[in-house]
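Data first, discussion second: the structure below is written as structure tokens.
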Amino acid sequence: GNSVTQMEGPVTLSEEAFLTINCTYTATGYPSLFWYVQYPGEGLQLLLKATKADDKGSNKGFEATYRKETTSFHLEKGSVQVSDSAVYFCALSDRTGGFKTIFGAGTRLFVKA
Amino acid sequence: SQTIHQWPATLVQPVGSPLSLECTVEGTSNPNLYWYRQAAGRGLQLLFYSVGIGQISSEVPQNLSASRPQDRQFILSSKKLLLSDSGFYLCAWRNRDRVTGELFFGEGSRLTVL
């Protein structure tokens, strides 16, 4: 079945540091890939997405590239801010998985001033 | 524009009491609807999803149930809560025509069972 594995947290960085959160997936079909962000006490919101191989999703300075050959979708940001402190979830959805979205366990990011 | 709301936002209930969480979506028709649970420090577990009125699929056997009495209303229920039911419950919807599209989440309902 489909699955998503992302690096365990928490990740603690200083402001303006470079961020990478690793995500790999297993899927029987051709999935769409997503990164969602959850700020404290809130629901999830879409951060970025990619629907096919070699697509790059980007938003708010975050980027992730759909790598089919390595089944990966790593999240990166060149310079993090304190306001980026949140939990980040990698997720996938494809037709062979029915109407379901599968999420990774989440990675908590703390950014210090 | 589309909006999703769920309530109550916070709930503290004794073991053995009933539960009802409600979720409504506005600004769209025929959405696919989902209930997820997020236990403390853990990822999201899909509990139920629905592709239409009265159509419910359960992902995990448990003492929870879901119903969809109207197109844009999704209810999560329990007759008798367990301690293990504590968690953060999230309702979400997706455009039915975009089966691999993104999910849109509600604000969440935090349930504490004592």
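Residue numbers (the numbering used here), protein chains in the order written: chain A, 1 to 113; chain B, 1001 to 1114.
Just so it is clear, CB atoms sit at the ideal spot from N, CA and C, and this is done for glycine as well.
Given the structure is predicted, the values throughout are model-derived calculations rather than measurements.
| Residue range of the beta strand (DSSP E) that includes A/V82 | In the DSSP assignment, A/V82 falls outside any beta strand (DSSP E), carrying neither H nor E.
| task | Between the Cα of B/G1016 and those of B/L1090, B/L1081 and B/G1108, spot the shortest distance and give me the residue it belongs to. | result | Selected option, being the one with the closest Cα: B/L1081.
| query | With distances taken from CA atoms, which of A/T70, A/L47, A/N2 and A/N22 is nearest A/P10? | reply | The shortest CA-to-CA distance from A/P10 to any of A/T70, A/L47, A/N2 and A/N22 is the one to A/N22.
| Under 9 Å between the Cβ atoms of B/I1053 and B/V1025? | Contact annotation: B/I1053 and B/V1025 have beta-carbon atoms that are not nearer than 9 Å.
| message | Check whether chain B comes within 9 Å of A/T101, counting only Cβ atoms and requiring the distance to be less than that. | response | Output row for A/T101: interface = yes.
| Expected contact under 8 Å - CB spacing of B/Q1045 and B/Y1036 to nearest Å | Right, their Cβ atoms sit about 6 Å apart.
| B/N1046 CB to nearest chain A CB: under 9 Å? | Per the sequence shown, the amino acid found at residue 1046 of chain B is Leu instead of Asn. Chain A, which has a Cβ nearer than 9 Å to the Cβ of B/L1046, makes this yes.
| query | Quick one, which residues of the stretch 36-51 of chain A are near chain B if we go by CB-CB under 9 Å, in chain order? | reply | Within the stretch 36-51 of chain A, Y36, Q38, G41, E42, G43, L44, Q45, L46, K49 and T51 place their CB atoms closer than 9 Å to a CB of chain B, listed in sequence order.
| field | One or two residues paired with A/A105 in a DSSP bridge | value | Bridge partners of A/A105: none, in fact.
| message | Under 8 Å: do the stretch 1093-1107 of chain B and the stretch 41-50 of chain A share three or more Cβ pairs, one atom per stretch? | response | Enough Cβ pairs lie closer than 8 Å, so yes.
| said: Quick check on A/S32 - is its C-beta less than 9 Å from some C-beta in chain B? | reply: Under the 9 Å criterion on CB atoms, A/S32 is classed as interfacial with respect to chain B.
| request: Quick one: give me the first and last residue of the beta strand (DSSP E) that B/V1012 is part of. | output: Taken as a continuous stretch (DSSP letters only), the beta strand (DSSP E) holding B/V1012 covers T1010 to Q1013.
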